[in-house]
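Novice: Read left to right, the sequence shown gives residues 19 to 229 (my numbering).
Mind having a look at this structure? Questions to follow.
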Amino acid sequence: MGIKLSDRQMQIVEIVKSQQPITSEQVAERLNLTRAALRSDLSILTMAGILEARPKVGYSLTGRIPTNMIADFINNILVKDIKTRPVVVNVDTSVYDCIVSLFLEDVGTIFVQSGGYLAGVASRKDLLKHAIGKTDLDRIPISVVMTRMPNIVTLQDEETLAMAIAKMVEHEVDCIPVVTREDTGGREKLKITGRVSKTGIITVIHDMLKE
19 MGIKLSDRQM QIVEIVKSQQ PITSEQVAER LNLTRAALRS DLSILTMAGI LEARPKVGYS
79 LTGRIPTNMI ADFINNILVK DIKTRPVVVN VDTSVYDCIV SLFLEDVGTI FVQSGGYLAG
139 VASRKDLLKH AIGKTDLDRI PISVVMTRMP NIVTLQDEET LAMAIAKMVE HEVDCIPVVT
199 REDTGGREKL KITGRVSKTG IITVIHDMLK E
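Here it is in C-alpha cells:
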C-alpha cells in the first residue's frame, strides 16, 4: 500500500518538483512556515523515498510517485481532454471495407453510425472472426457483425479518466465511444464525438510519469 500524503506534503512535493534542487529554507519560505515546522514533513518524504536530500545542495525528487498523486491525476483528467478522433463507418459499409479502414487507420475498433448516430461497434476480433473462411466479405454489411445498441458502453465528455478505466475493466473492452445525447422526437440518440482507447490511456499515464 502506498503512503498517503497530507496536503502540505503534496505542496512540498510540487515545490521541489518545480524548483529542484531546493533547500529546506527555500521550501519553508515559499510556504510561509519555519524550517522547524517542516522538519517532520521533509523527514517523512525522504524516508518514503519520494525526496532525496543532499548536503549543501538541497532536496530533489527521486521519481517515485505517491499513490494519492496518481489517484488525484486520474480523477481530475476529463474524457474531453484525452479523447481522440473516432473511425466511423456507415451501417451499410461492407465488412471488407471496414477491415481496410481498420488497418489503414491503425485502430482496433470501428464505430458504426446510422443517420449520423451511433448504431454499433465492431472490434478487430469481431471482424477477424467473420473473415475466417469467407470470401464474400465485400457483400456482408457491417450491421451483421457489429455489437448493437443498447449493448454498447459509452462515455461522455465530463466523465473522468478513472471512470473510463473502470468501464473498460468492467465491460472487458479496449475502446469506448465518446458521445453526446440528443433528443430526436422524444427518442434519445447518441452522436459520436470521439473515442477513448487503452492505448490512449497508457499514453496519457506515460506522459504523466515522464513529467
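All C-beta atoms in this analysis are idealised placements derived from N, C-alpha and C, irrespective of residue type, glycine included.
(1) From T221 to A180, what does the alpha carbon distance come to, in whole angstroms?
(2) Within this structure, are the beta carbons of V214 and I194 separated by less than 7 Å?
(3) According to DSSP, simplified to helix, strand and coil, what is Q37?
(4) Keeping to the same chain, check which residues put their C-beta closer than 8 Å to that of E176; ignore five residues upstream and five downstream.
(5) So what's R72 in DSSP terms, helix, strand or just coil?
(6) Can you list, in chain order, the residues of its chain whose CB lies under 7 Å from that of E156, leaving out five sequence neighbours each side?
(7) Assign P104 to buried or exposed, taking buried as 16 or more other Cβ atoms, counted over all protein chains shown, within 10 Å of its Cβ.
(8) Rounded to the nearest angstrom, what separates A137 and V125 at their Cα positions?
(9) Could you check whether K216 and D192 sit closer than 7 Å to each other, using their CB atoms as the reference points?
(10) Would you decide whether I170 is buried or exposed? Buried here means 16 or more other CB atoms lie within 10 Å of its CB.
(11) Work out the CA separation of H224 and I7 for me, nearest whole Å.
(12) Among the candidates T64, T41, E43, whose CA atom is the shortest distance from the CA of Q27?
(13) Alpha carbon to alpha carbon, what distance is there between S78 and M164?
(14) Less than 6 Å between C-beta atoms, sequence neighbours within five positions excluded: which residues of the same chain meet that for V109?
(15) Name the two residues that bound the continuous alpha helix (DSSP H) containing Q44.
Specialist: According to the data block:
(1) Taking the sequence shown and counting its residues from 1, one reaches residue 221 at position 203. Taking the sequence shown and counting its residues from 1, one reaches residue 180 at position 162. Taking the straight line joining both Cα atoms gives about 15 Å.
(2) Residue mapping note: residue 214 aligns to position 196 of the sequence shown, counting from 1. Residue mapping note: residue 194 aligns to position 176 of the sequence shown, counting from 1. Against a cut-off of 7 Å, the Cβ pair of I194 and V214 comes out as a contact.
(3) Locating residue 37 in the sequence shown gives position 19, counting from the first residue. Correct three-state label for Q37: helix.
(4) In the sequence shown, the residue the question calls residue 176 occupies position 158. Counting only Cβ-Cβ distances below 8 Å, and skipping sequence neighbours, we find L96, V97, K98.
(5) Along the sequence shown, read from residue 1 onward, the residue named residue 72 stands at position 54. Reduced to three states, the DSSP call for R72 is strand.
(6) Residue 156 sits at position 138 when you count from the first residue of the sequence shown. Inspection of the sequence shows that residue 156 is occupied by Asp rather than by Glu. So the list reads S112, Y114, once near-sequence residues are dropped.
(7) Your numbering for residue 104 matches position 86 in the sequence shown. Buried, since its Cβ has 16 or more Cβ neighbours within 10 Å.
(8) The residue labelled residue 137 in the question sits at position 119 within the sequence shown. The residue labelled residue 125 in the question sits at position 107 within the sequence shown. Near 19 Å, if we compare the C-alpha coordinates of V125 and A137.
(9) Position 174 of the sequence shown, counted from the start, is the residue given in the question as residue 192. Position 198 of the sequence shown, counted from the start, is the residue given in the question as residue 216. For D192 and K216, yes; Cβs fall inside 7 Å.
(10) By one-based count along the sequence shown, residue 170 stands at place 152. It is buried - the Cβ of I170 has at least 16 other Cβ atoms within 10 Å.
(11) With the chain running from 19 to 229 in the structure shown, residue 7 is simply not present.
(12) Along the sequence shown, read from residue 1 onward, the residue named residue 27 stands at position 9. Here the closest residue by C-alpha is T64.
(13) Residue 164 sits at position 146 when you count from the first residue of the sequence shown. Residue 78 sits at position 60 when you count from the first residue of the sequence shown. Taking the straight line from one Cα to the other gives about 52 Å.
(14) Residue 109 sits at position 91 when you count from the first residue of the sequence shown. Only V130, S132, A137, S161 meet the Cβ criterion.
(15) Here residue 44 refers to the residue found at position 26 of the sequence shown. Where Q44 is concerned, the enclosing alpha helix (DSSP H) stretches over 42-49.
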